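Engineer: Structure incoming, see below.
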Amino acid sequence: MEQTFIMIKPDGVQRGLVGEIIGRFEKKGFTLKGLKFITVDRPFAERHYADLSSKPFFNGLVEYITSGPVVAMVWQGKGVVTTGRKIIGATNPAESAPGTIRGDYAIDIGRNVIHGSDAVESANKEIALWFPEGVAEWRSSLHSWIYE
Ligand code: UDP
Ligand code: MG
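So the sequence shown is numbered by the working numbering: it starts at 2 and just counts up by one.
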């Protein structure tokens with residue numbers, strides 16, 4: 002089934018939003034497949050955000066992501082990439098709808114609390130980068146209560 006890469010950024014960790022954010026994905030019905038609490042270095046952050054390397058905000062973005070520990074996760078479920086982006090909200094919190102994570106918990110674009118893959122292809126690339134060891138093989142016993 003479809004998987005996405007979700008990362009709680011250093012500001013989300015510092016602000017005590019880890020439980021709240023994980024709870025939103027859990028309660029939706031998605032399945033946690035991988036989770037790690039790590040501080041990444043500059044080369045790693047530059048690889049994760051390689052597509053944005055020509056942007057004027059790239060250096061600040063790499064500084065931000067390497068400024069403290071992050072919670073890196075793999076979540077699985079039907080349509081999890083697109084729905085995950087909806088749960089997260091628009092990139093700029095000024096435009097994120099209330100009820101989304103960024104809409105509820107962020108103000109500035111450069112402190113927008115969370116990352117989520119934007120397509121299945123980028124999700125697979127990001128999962129391979131952050132979880133080269135692979136993810137957990139398990140099936141929730143709630144499966145038939147969530148999927149018809
Ligand atoms: N970002 C920023 N300034 C901008 C655009 C993006 O600081 O003008 C940061 C922001 O933290 C964003 C990240 O760069 O989440 C990656 O940008 P992208 O366009 O991929 O947004 P996302 O996929 O995270 O919504
Ligand atoms: Mg993006």
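Quick reminder that beta carbons are idealized off the backbone N, C-alpha and C, glycines included.
Source: prediction; values computed, not measured.
Would you call the region 93–111 and the region 71–81 touching, i.e. three or more CB-CB distances under 8 Å?
Structural biologist: The answer is no - the region 71–81 does not touch the region 93–111, with fewer than three Cβ pairs under 8 Å.
Engineer: Following the continuous alpha helix (DSSP H) through Thr5, name the residue where it begins and the one where it ends.
Structural biologist: No alpha helix (DSSP H) holds Thr5; the beta strand (DSSP E) holding it covers 4–9.
Engineer: Is Ala151 helix, strand or coil by DSSP?
Structural biologist: In the structure as shown, the chain begins at 2 and stops at 149. Residue 151 is therefore absent and cannot be evaluated.
Engineer: For Gln4 and Gly85, what's the separation of their Cα atoms in angstroms?
Structural biologist: 10 Å
Engineer: Output needed for Ile22: all residues of its chain with C-beta closer than 7 Å, excluding positions within five of it in sequence on either side, in chain order.
Structural biologist: For Ile22, same chain residues with a beta-carbon under 7 Å away, outside a window of 5 residues either side, are Ile9, Gly13, Ile102, Ile115 in chain order.
Engineer: I need the boundaries of the beta strand (DSSP E) containing Trp76, first residue and last residue.
Structural biologist: 71–77
Engineer: Would the beta-carbon of Thr5 be found less than 8 Å away from any heavy atom of ligand 2?
Structural biologist: no
Engineer: Just verifying my parser: in three-state terms, what is the DSSP assignment at Pro99?
Structural biologist: Secondary structure of Pro99 (DSSP, three-state): strand.
Engineer: Out of Gln15, Gly17, Glu27, Met2, point me to the one whose CA is closest to Ile88's CA.
Structural biologist: Glu27
Engineer: Please go through the same chain and pick out, in chain order, the residues whose beta-carbon is closer than 7 Å to the beta-carbon of Gly90, but skip the five residues on each side of it.
Structural biologist: Closer than 7 Å at the Cβ level, and outside the excluded window around Gly90, lie Ser97, Ala98, Thr101, Ile102, Arg103, Gly104.
Engineer: Look at the alpha carbon of Gln15 and the alpha carbon of Arg140, and state the distance between them as a whole number of angstroms.
Structural biologist: 31 Å
Engineer: With a cut-off of 8 Å on the beta carbons, I'd call Leu143 and Trp76 a contact; round off their distance for me.
Structural biologist: Between Trp76 and Leu143 the Cβ distance is about 14 Å, and since that is not below 8 Å, they are no contact.
Engineer: Using three-state DSSP, classify Gly117 as helix, strand or coil.
Structural biologist: strand
Engineer: Considering only residues of the same chain and omitting the five flanking positions on each side of Met2, which have a CB-CB separation below 6 Å?
Structural biologist: For Met2, where only same-chain residues beyond five positions count, the Cβ hits under 6 Å are Gln77.
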